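Scroll down for the structure; my scribbles are underneath it.
Numbering (our numbering), first residue to last: 5 to 134.
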């Protein structure tokens, strides 16, 4: 996996305090479908859940993580695990299994929904901004 550390990333997502939590490399885009490599480098903030703009398939390539869904259920995503992400799924990355990073391949369909930011973490941030 050492070659993955030399990748030039296209974009990143971050936490409320501005630290990166995920780097994204766009590998292909065809007729609204995208194939991305995601590198998670930190957990999402507590209480900060989000949805996705379309259906997607994810495959954990290295590392792994614990996902918390809105409502409190947790699931470990280990290397080799493959799954469907629906636009209605509200979740966050709670922890990285190796404590450092996790790589996943995402194949996302054309956008059909708006991303929603849900949970008490976002509510507190919105309250602080007013």
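Built from N, CA and C at the ideal position, the CB exists for glycine as well.
Keep in mind the model is a prediction, meaning the values are calculated, not measured.
Can you list, in chain order, the stretches of the alpha helix (DSSP H) that have 4 or more residues and sit fully within the stretch 93 to 133?
Fully enclosed alpha helix (DSSP H) runs of 4 or longer: 124 to 133.
Starting from residue 39, follow its DSSP beta bridges and name the residues at the other end.
Bridge pairing for residue 39: 32 and 111 [DSSP].
Residues in the same chain with beta-carbon distance under 6 Å from residue 63, minus the five sequence neighbours each way, listed in chain order, please.
86 and 109
Comparing the C-beta of residue 110 with each C-beta of chain C, is any distance below 8 Å?
Of the chains in the structure shown, none is chain C; there is only one protein chain.
Is it buried or exposed for residue 25, if we count other Cβ within 10 angstroms and need 16 for buried?
Under the 10 Å beta carbon count, residue 25 is surrounded by 16 or more other beta carbons and is classified as buried.
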